[in-house]
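Enquirer: Below is the structure I would like to discuss, written out as structure tokens.
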Amino acid sequence: MNEGMKRLAASLRPGLAMGAAAALLAACGGGGGTGTEIQPGPTPCAPGSVMLLASNAQAGRNVEVQAQACGFTLGDPQWTQTQGATLPLMSARSAAISVEPAAGDYGFSLSYLDPQGQRKSQAVQLSVPASTEPALVVRGDASLWSGNGASLRAWLPSLSAAEAAGATYTWTQTEGPTALSLQGQDTARLLFKGPEVSKDVAMRFRVDVKLATGQTLSQAFQVLLQPQPGRALQPLFDASNPSSRVYPWLRNGAHAEALAACIYSPALDGGNLCPMSRLPMLGTETGGATPTVEQVMARVLVSHDWMAQVFERYLREQDVHGDFRNLLKATTAVVIGARVRPAFYWKATGAIYLDASYLWLTPQQRDTVSETPDPRADFGGDLGYTMLWRYVKDKDYAGGSYPIAERKSRELPDLHARLGSLLYHELTHAGDFTPPRLHSVLNPALRVYDIQAGVTASEDLAAKLPLQSAEMVALGKVQFFGKASTAVQRAYTPQDITGFFAPDRATDEYNYSLPDSTTVGREDAAMLAEEAMMQLRFGILRDVAITPPLTATSTSSNIIVSWGQRGRVGEARIKPRVALVMSQVMPWVAASELDKLAAPQTLPAGRSWLATLDPAAAAHPSEALRRQADEALQDMGGRRQERRRAANLQRDFRQSAQ
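Throughout, this note's numbering is defined as the position within the sequence shown, counted from one, plus 110.
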């Protein structure tokens, strides 16, 4: 008997039989059963039944328990713990869970709907032996749909930072269909993509960690790979941006069935988008009144329960003016997912799609969010400038710094800089496409995409107070839509860009994201509203600066600002543009509120990006501030890619939905 099988045998409750194959604990049956038995390897179970598989159990290590459905898609799964010291089940409403038990006995029960829609249940028990080895834990989401990206990260929680320093990592896939796009096999973080499969199957990965002392530790993680259920031949969420598993937060809510079918399903295509008679806009349901938090939460789909819980808290405790609830009247649903990236509003469904990385409060919540980055598009990489931005409060970075290795928690107000700005931006898009004046008169026979709004706020803005720099408009095609740059554009210096941008009426280069040949900037309106509301509601100001191009060695301390402003939205020539957008998208915000926007401040030219944060104090910044600034710079690079992806997704979705 090999060592893995010995550990497995030791982990089982007395009286269970021993099989002679893979180290898997399996319970296979059609429902109601509570027993467990060792199978001779993961042999196929009967169609319509479910096989529970558990990885080796050892104290201080992760254990995965997964439910492989045989010939059908597991319906409404729900895990509960029935025995042992309480463990957080972060993915309790998915087909697989990952836990980190101490030594002891544990029991878990899975409830689900079978192919006939009947509620069934099965149970599994684990006896976890103690261990004298240093803890090695692999964390990540334990289930994955084909076509989705995923990440796993190895941790050494029982070692100090000094003891863990110098450790080397080697990842190997040991079981299951070959993972695609593997990256980081020699780092603590593994990235990969789930290949196409036709049935539920386990993918098993092992990480070997060699410590500076020479000791080698090994640990596995088991991912349940599932086919996308009912995928259309030409799905709207295609391979470039596939749908991932989410479920209605309120399983018995009035809109649960429509949410599951109409918003993020792989079965959606250009011919089966739902009419508003099936899923009306939230503002139609409320008759134009401000929705309650309960009405909003009845429209939420999530990949993990904690996302809905945090979102609800944010609305109750931080949306004191009702802005987000009022803006959500222009939507049909809110999707929050561990693999939603980039975040965007989509008129084809009328929903807003949020990346869960904007919402986590605890490191355990963060562990469930995929670290897979947006696909990189090197748009504008040959240009001679970069435009930087950041949100600032009290001359410091708004939102704080949360390196993943430090496993720090966040408080709800820490979410403003990212979640708050995202909601104001994307929900301005929603209100632009479907302004509040229409919510009570929409034809329920139409799809959201078919709504004829007349002159929208962004169209009115372009007609009455247009952007003026033809050079910046042309550069927007390069930066956000991948148009090849010209020799003239490549020769522009930061000083040239300052000459184009500073006298104009935009707040950021993203205002110039104008697809195709149109002069109407949806992003122009959204950027104006986002910056204005962040300042008015949270006292958070936005910096924008023009610098030379970033390089691989760029840091916040060596990037020199050529020109910059703090709170540009308060410029006298820009405020009328803000007022025009706000009057149509957020009419509940009094026009007099805009008088409270502060006059912009000039950022000192010739200083580093870090030094302009607080010119009086940053001459000798602390190491913590320097690190935070560099992390924010890296994060901003990722958000620039999100914008590029979102701009192109909106264009592609418009074309596919027509």
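Even glycine gets a Cβ: it sits at the ideal position worked out from N, Cα and C.
To the nearest angstrom, how far is the alpha carbon of Gly340 from that of Phe218?
Expert: Between Gly340 and Phe218, the C-alpha separation is close to 29 Å.
Enquirer: Please state whether the Cβ-Cβ distance between Arg314 and Ser328 is less than 9 Å.
Expert: No; because the gap between Cβ atoms is not below 9 Å, this pair is not in contact.
Enquirer: Any chance you could list the alpha helix (DSSP H) runs of at least 4 consecutive residues sitting entirely within the region 640-719, in chain order?
Expert: The qualifying runs are 685-695.
Enquirer: Bridge partners of Val238, per DSSP?
Expert: Bridge partners of Val238: Gly214.
Enquirer: Let me check understanding here. Comparing Cα to Cα, which of Leu334, Thr278 and Asp318 lies closest to Lys303?
Expert: Selected option, being the one with the closest Cα: Leu334.
Enquirer: Are three or more beta carbon pairs between the region 467-486 and the region 432-445 nearer than 8 Å?
Expert: These segments do not touch.
Enquirer: Curious, which full-length alpha helix (DSSP H) runs of at least 4 residues does the region 429-465 contain?
Expert: You should have 433-437.
Enquirer: In angstroms, rounded to a whole number, what distance separates the CA positions of Ala584 and Leu184?
Expert: Their backbone Cα atoms lie some 50 Å apart in a straight line.
Enquirer: Ordered along the chain, which non-local residues of its own chain (more than five positions away) have a Cβ less than 7 Å from that of Ala577?
Expert: Sequence check: residue 577 is Leu here, not Ala. So the qualifying residues of the chain are Val583, Asp614, Arg615, Ala616, Asn621, Tyr622, Gly631 and Asp634.
Enquirer: Taking buried to mean at least 16 other C-beta atoms within 10 Å of its own C-beta, is Gly250 buried or exposed?
Expert: By the 10 Å Cβ count, Gly250 comes out buried.
Enquirer: Report buried or exposed for Ile514, applying the criterion of at least 16 other Cβ atoms within 10 angstroms of its Cβ.
Expert: Answer is exposed; the Cβ neighbour count stays below 16.
Enquirer: Using the Cα positions of Cys155 and Gln336, report the straight-line distance between them to the nearest angstrom.
Expert: Cα to Cα, the separation comes out at about 16 Å.
Enquirer: Tell me whether Arg361 is buried or exposed, calling it buried when 16 or more other Cβ atoms sit within 10 Å of its Cβ.
Expert: Exposed, by the Cβ-count rule.
Enquirer: Measuring only the C-alpha atoms, how far is Glu427 from Val403?
Expert: C-alpha separation (whole angstroms): 11 Å.
Enquirer: Measure the beta-carbon distance from Lys685 to Leu646 and round it to whole angstroms, keeping in mind my assumption that it falls under 8 Å.
Expert: That pair is no contact at about 12 Å.
Enquirer: Using the Cα positions of Thr657 and Asp740, report the straight-line distance between them to the nearest angstrom.
Expert: Answer to the nearest angstrom: the Cα atoms are 15 Å apart.
Enquirer: Can you find at least 3 beta carbon pairs, one from the region 408-421 and one from the region 440-458, that sit closer than 8 Å?
Expert: Result yes; three or more Cβ-Cβ pairs closer than 8 Å.
Enquirer: Within 10 angstroms of its Cβ, does Asn382 collect 16 or more other Cβ (buried), or is it exposed?
Expert: Label assigned to Asn382: exposed.
Enquirer: Measuring CA to CA, which of Ile207, Leu713 and Ala272 is closest to Trp499?
Expert: Here the closest residue by C-alpha is Leu713.
Enquirer: Can you give me the C-alpha to C-alpha distance between Thr566 and Met386, rounded to a whole angstrom?
Expert: Cα-Cα distance, rounded: 20 Å.
Enquirer: Pick from Leu254, Asn166 and Asp504: whose alpha carbon is nearest that of Pro239?
Expert: Among Leu254, Asn166 and Asp504, the Cα nearest to that of Pro239 is on Asn166.
Enquirer: What residues in its chain sit with their C-beta under 6 Å from that of His431, if we drop five residues either side in the sequence?
Expert: Cβ within range, chain order: n/a, list empty.
Enquirer: Which residues in the same chain as Pro536 place their Cβ atom closer than 6 Å to its Cβ, once the five residues preceding and following it in sequence are excluded?
Expert: A small correction: the amino acid at residue 536 is Glu; Pro does not occupy that position in the sequence shown. Closer than 6 Å at Cβ, skipping near neighbours: Tyr455 and Ile462.
Enquirer: Contact between the region 670-681 and the region 709-726: three or more CB pairs below 8 Å?
Expert: Yes: at least three Cβ pairs fall under 8 Å.
Enquirer: Mind checking who Arg299 pairs with in its DSSP beta bridge?
Expert: Paired residues: Arg263.
Enquirer: Quick check: is the beta carbon of Asp606 nearer than 9 Å to any beta carbon in chain D?
Expert: Absent from the structure: chain D. Only one protein chain is present.
Enquirer: What are the complete alpha helix (DSSP H) segments, minimum 4 residues, inside the region 577-603?
Expert: Fully enclosed alpha helix (DSSP H) runs of 4 or longer: 580-591 and 597-600.
Enquirer: Buried or exposed: Lys505, going by 16 or more other Cβ atoms within 10 Å of its Cβ?
Expert: Its Cβ having fewer than 16 others within 10 Å, Lys505 is exposed.
Enquirer: Roughly how many angstroms lie between the CA atoms of Ser261 and Arg299, to the nearest whole one?
Expert: Approximately 7 Å, taken between the alpha carbons.
Enquirer: In terms of residues, what are the limits of the beta strand (DSSP E) holding Thr538?
Expert: It is not in any beta strand (DSSP E) - Thr538 instead sits in the alpha helix (DSSP H) that spans Ser531 to Phe543.
Enquirer: Can you grab the Cα-Cα spacing for the pair Pro256 / Val356, in whole Å?
Expert: The residue you asked about is not Pro; residue 256 is Ser in the sequence shown. If I take the Cα positions, the gap works out to 14 Å.
Enquirer: If you follow the beta strand (DSSP E) that Leu320 is part of, which residue opens it and which one closes it?
Expert: Correcting the residue type first, residue 320 is Lys in the shown sequence and not Leu. Start and end: Val311 to Lys320.
Enquirer: Closest by CA to Val691, which one among Pro731, Leu660 and Glu640?
Expert: Minimum Cα distance to Val691 is reached at Glu640.
Enquirer: According to DSSP, is Pro523 helix, strand or coil?
Expert: Reduced to three states, the DSSP call for Pro523 is helix.
Enquirer: Would you report the Cα separation of Thr192 and Met200, rounded to the nearest angstrom?
Expert: About 16 Å.
Enquirer: Here's the rule I'm using: 16 or more other beta-carbon atoms within 10 Å means buried, otherwise exposed. How should Ser291 be labelled?
Expert: Exposed: under 16 other Cβ atoms inside 10 Å.
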